[in-house]
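Last residue of the sequence shown? That's 493 in this note's numbering, and every number before it is there in order.
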Amino acid sequence: KPQGKKFTIGFSQCTGADQWRQTMLSDMKRALSFHPDYTLLYEDAGNSTNKQIAQIQSLTNRGIDLLIISPNETAPITKAVDAVFKQGIPVIVLDRRIDSESYNAYIGGDNFEIGRLAGAFIGNHLKGKGAVIEVKGLAGSSPAQERHRGLQQQLARFPEIRVVAELDGEWERDTARHRAEANLAALQRADLVFAHNDVMALGVYEVCKQHGLTSQIEFVGIDALPGPQGGMQLVTDGLLKASFLYPTGGEEAIETAVQVLAGKAVQRETTLNSIQIDASNVRAIKAQSDKLLSQQQDIEKQSQRIDELKQTYLTQRNTLYVTLAS
Ligand code: FRU
Numbered sequence: 168k169p170q171g172k173k174f175t176i177g178f179s180q181c182t183g184a185d186q187w188r189q190t191m192l193s194d195m196k197r198a199l200s201f202h203p204d205y206t207l208l209y210e211d212a213g214n215s216t217n218k219q220i221a222q223i224q225s226l227t228n229r230g231i232d233l234l235i236i237s238p239n240e241t242a243p244i245t246k247a248v249d250a251v252f253k254q255g256i257p258v259i260v261l262d263r264r265i266d267s268e269s270y271n272a273y274i275g276g277d278n279f280e281i282g283r284l285a286g287a288f289i290g291n292h293l294k295g296k297g298a299v300i301e302v303k304g305l306a307g308s309s310p311a312q313e314r315h316r317g318l319q320q321q322l323a324r325f326p327e328i329r330v331v332a333e334l335d336g337e338w339e340r341d342t343a344r345h346r347a348e349a350n351l352a353a354l355q356r357a358d359l360v361f362a363h364n365d366v367m368a369l370g371v372y373e374v375c376k377q378h379g380l381t382s383q384i385e386f387v388g389i390d391a392l393p394g395p396q397g398g399m400q401l402v403t404d405g406l407l408k409a410s411f412l413y414p415t416g417g418e419e420a421i422e423t424a425v426q427v428l429a430g431k432a433v434q435r436e437t438t439l440n441s442i443q444i445d446a447s448n449v450r451a452i453k454a455q456s457d458k459l460l461s462q463q464q465d466i467e468k469q470s471q472r473i474d475e476l477k478q479t480y481l482t483q484r485n486t487l488y489v490t491l492a493s
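See below:
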C-alpha cells in the first residue's frame with residue numbers, strides 16, 4: 168500500500184446488543200489495534216432489516232474503502248450489498264450470508280454442519296426416542312435456515328424422535344420466552360429443547376422453570392461463549408446438556424480486509440470450525456477460553472493505556488512548545 172495511506176472500513180452489524188456480537192466487535196478492534204492506519208465506522212441496525220439497508224447506504228456515502236457486513240436477513244439485504252459492490256467497494260460478508268455473489272470474501276462457521284452435530288448429539292443423547300422442540304433463529308437469516316436443515320438431516324436417522332413444535336425465537340431471549348409461554352402444552356410433552364442459540368435456550372429454560380418443567384426437559388444450544396454469562400458456563404452448570412462453538416470471525420474479517428485493501432488475493436470462502444461442548448470436555452475448554460478472554464481484555468486495557476499516555480505526551484509537548492515560544 169502507498170506509504171501513509173489511511174483506510175476506512177465500514178462495519179454494518181445486524182444487532183450489537185448480545186454478547187456474541189459484542190465479542191465479534193472486540194475481536195475486530197483487537198485485530199485493528201495492530202493496524203493504526205485503519206479506521207472503523209460502526210453501525211448497529213438493532214435487528215431491523217430496513218434500518219440496516221439505510222445504514223449500508225449512509226456508510227457508502229461517507230466514503231468507506233471496504234464494507235464488512237453481517238446481514239440481519241439474507242434475501243432483503245442482498246440488493247443493498249449488490250449496489251455497494253457494483254460501485255467497486257470491496258465487501259466481506261460475515262456469519263450471515265447474502266443471496267448473491269457480490270462479495271470478495273465470506274467468513275463464518277459451518278451452520279449446516281453445526282445443525283448436523285446437534286442432531287447427532289440429540290439422537291444419541293435421547294437414545295433414539297423422544298419429543299423435541301426446536302427454537303429457531305430469525306427465519307430470514309441463513310444460519311437459522313442452515314442449522315434447521317442440518318438438524319433435520321440427522322434426526323431423519325432416528326425415526327422415533329419427533330420434533331413436536333418449531334418456535335420462532337428470532338435469535339432473542341425475550342422472543343423465545345414469549346413463544347415458550349404461548350406453547351406450554353407442547354413443552355409439557357417435550358423431552359428436549361434444541362435452540363439455535365444459547366440465549367434462546369436460556370429464555371425457554373426460564374419459562375420451564377416457572378412451570379416446574381425443568382426436571383423432565385433437557386436443553387441444547389449453540390454459541391458456547393466463554394465468560395461468566397456465556398454458554399460454556401451454562402454447560403458447566405448442567406443447564407445445557409451441550410452447546411456448539413460458533414466462532415465470531417471478527418479477527419479474520421479484519422485480517423481479510425487488510426489483505427484486500429493491500430491489493431492481495433484472498434480466500435473467497437473461509438469456514439470456521441465448531442466443536443461440541445458437553446460435560447466431558449467443558450472444564451478443560453472453558454479454562455482455556457476464559458484464560459484467553461482475560462488475556463485479550465488485558466491487551467485491550469494496555470492499548471487503552473498507551474493511547475492515554477500518547478494523549479498526555481502530545482498535550483505536554485504542546486504546552487512545552489507554547490512555553491518555549493513565548
Ligand atoms: C447473535 C446470534 C448468535 C447466533 C448468530 C447467528 O446475534 O444470534 O447467537 O449464533 O447470531 O447469526
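Note that beta-carbon positions come from the ideal geometry of N, C-alpha and C, so glycine has one too.
With fewer than three CB-CB distances shorter than 8 Å, the segment 218 to 235 does not count as touching the segment 433 to 446. When the Cα atoms are used, Asp204 and Lys172 turn out to be separated by approximately 7 Å. At a Cβ-Cβ threshold of 7 Å, Asp194 and Glu436 do not count as neighbours.
Rounded to the nearest whole angstrom, the C-alpha separation of Asp365 and Thr479 is 43 Å. Taking 7 Å as the cut-off, the beta carbon of Gly336 is found closer than this to the beta carbon of Arg346. For Tyr273, the Cβ stays outside the 6 Å cut-off from all heavy atoms of ligand 1. Among the bridge pairs identified by DSSP, Ser237 is matched with Gln180. In this structure, DSSP gives Thr381 a state outside helix and strand, which the three-state scheme calls coil. In the three-state reduction of the DSSP assignment, Val433 falls in the coil class. The beta-bridge partner set that DSSP reports for Leu439 consists of Gly276.
Distance from the Cα of Gln254 is smallest, within the candidate group Tyr270, Asp211 and Ile265, for Tyr270. A direct Cα-to-Cα measurement between Ser215 and Val302 gives close to 20 Å.
His363 sits buried, since 16 or more C-beta atoms from the chains shown fall within 10 Å of its C-beta. Ser308 sits away from Arg344, with the two beta carbons spaced by 7 Å or more. Leu261 is positioned such that its CB atom lies closer than 7 Å to that of Ile235.
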